[in-house]
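Structure record follows, encoded as structure tokens.
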Ligand SMILES: NC(=O)c1ccc[n+]([C@@H]2O[C@H](COP(=O)([O-])OP(=O)(O)OC[C@H]3O[C@@H](n4cnc5c(N)ncnc54)[C@H](OP(=O)(O)O)[C@@H]3O)[C@@H](O)[C@H]2O)c1
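Numbering (our numbering), first residue to last: -17 to 297.
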């Protein structure tokens, strides 16, 4: 497994990380149980994956992750979790609520330190108030050793395809780590986020490298038809059926494997989350990423086909 440094926080992380949210929510969306989650986590560790991303709102994911990691030396993995800046009533959390959220995640994760603690899906409209009211709490928790690095994740598709929240974070440099939506159908992070993060030594975690549109052939075929109908893609640019099948050749075993490889290539990226709940897919994705970049001609074709899209596709 390749390891990279996650920005100025200095954490060393595997280039593939395991996400426990997304559509699968650590198997909770498909009737799996904590034993299945443990099998996945143990497979991940065996493959050299040591970055685990969870969140307070991913149902029981924090609890299942803690159970799956029981007995593993704490310095053998990196834990990433998040809190939502607004409560169930829609109101911005008070500073005391943020303190309580940190303590709750620490308890649920059965640890005394969370390596990466993030503001979850922060909207640009909330950015100033979160910096003013919540950031001091997060800094205090970092100073006290309860968290190691402070991060922010964008909401990406739908709400923030233009990376407005991350632009604010790059302007002020308050956050150590950014989680960005980046995939072959939405490459704008290459222009708007990644170079600035690298220059400021801010760590980058990639989410949604596959997500929904790239996870299934019918979904991708429907999206490509929509892009062609809307004039975003020439009608003969790629096949209507299995539109990205041409990525699968030689050592590239699936469209999804190619998608993870594409985003892992960028030098500003430290870890790429995969939200799979399948041990076999996880092994495939790890094998793909550690092969290194896609063949240049495939990567260049993806750029020329989709590089102009900026609407949060691949969500
Ligand atoms: N704002 C935020 O903070 C935020 C938002 C979204 C996500 N996240 C984090 O990012 C993580 C990753 O995002 P995501 O869950 O959308 O994951 P993703 O890795 O982009 O996509 C996961 C989907 O791809 C499929 N897949 C993965 N590998 C495959 C393979 N080799 N072959 C076929 N299908 C494959 C999975 O199905 P199978 O299970 O069948 O493999 C699943 O449906 C989340 O789990 C979460 O931790 C954070």
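For every residue, glycine included, the Cβ atom is placed at its ideal position computed from N, Cα and C. Note that the structure is predicted; figures quoted are calculated from it, not measured.
Based on the DSSP secondary-structure assignment, which residues constitute the bridge partners of residue i?
i           : result
residue 226 : DSSP output for residue 226 lists no bridge partner at all.
residue 299 : The question about residue 299 has no answer, for the chain in this structure spans -17 to 297.
residue 185 : 159
residue 1   : 35
residue 165 : 168
Under 7 Å from any heavy atom of ligand 1, does the C-beta of residue i make it?
i           : result
residue 145 : no
residue 278 : no
residue 191 : yes
residue 259 : yes
residue 263 : yes
residue 255 : yes
residue 32  : no
residue 57  : no
residue 87  : no
residue 3   : yes
residue -4  : no
residue 266 : yes
residue 197 : yes
residue 233 : no
residue 252 : no
residue 135 : yes
residue 66  : no
residue 240 : no
residue 157 : no
residue 103 : yes
residue 35  : yes
residue 63  : no
Is residue i helix, strand or coil by DSSP?
i           : result
residue 206 : helix
residue 252 : coil
residue 286 : helix
residue -11 : helix
residue 196 : coil
residue -5  : strand
residue 68  : strand
residue 91  : coil
residue 152 : helix
residue 215 : coil
residue 74  : strand
residue 84  : helix
residue 244 : helix
residue 232 : coil
residue 6   : coil
residue 258 : coil
residue 279 : helix
residue 266 : helix
residue 293 : coil
Assuming residue i contacts residue j under a Cβ cut-off of 8 Å, what Cβ separation, rounded to an integer in Å, is found between them?
i           : j           : result
residue -4  : residue 235 : That belief does not hold up - the Cβ atoms of residue -4 and residue 235 are roughly 20 Å apart, past 8 Å.
residue 238 : residue 284 : No, residue 238 and residue 284 are not in contact; Cβ-Cβ is about 14 Å, not under 8 Å.
residue 264 : residue 25  : 6 Å
residue 143 : residue 294 : 3 Å
residue 129 : residue 84  : 7 Å
residue 54  : residue 27  : 7 Å
residue 167 : residue 288 : 5 Å
residue 32  : residue 10  : Not confirmed; about 23 Å, so no contact.
Excluding five sequence neighbours on each side, which residues of the same chain lie with their C-beta closer than 6 Å to the C-beta of residue i?
i           : result
residue 257 : 1, 4 and 6
residue 164 : 171, 188 and 245
residue 161 : 135, 187 and 189
residue 116 : 80
residue 122 : none
residue 250 : 176, 179, 180 and 186
residue 98  : 62, 131, 133 and 159
residue 13  : none
residue 209 : 215
Please go through the same chain and pick out, in chain order, the residues whose beta-carbon is closer than 7 Å to the beta-carbon of residue i, but skip the five residues on each side of it.
i           : result
residue 111 : 74
residue 21  : 261
residue 106 : 142, 146, 147 and 150
With a threshold of 8 Å on Cβ separation, who are the neighbours of residue i within its own chain once the five nearest residues in sequence on each side are excluded?
i           : result
residue 44  : 36, 37, 38, 63, 87, 90 and 91
residue 242 : -2, 191, 192, 254, 256, 267, 270 and 271
residue 57  : none
Mind checking if residue i is an interface residue toward chain D, Cβ cutoff 8 Å exclusive?
i          : result
residue -6 : Considering every chain present, this structure includes no chain D. It has just one protein chain.
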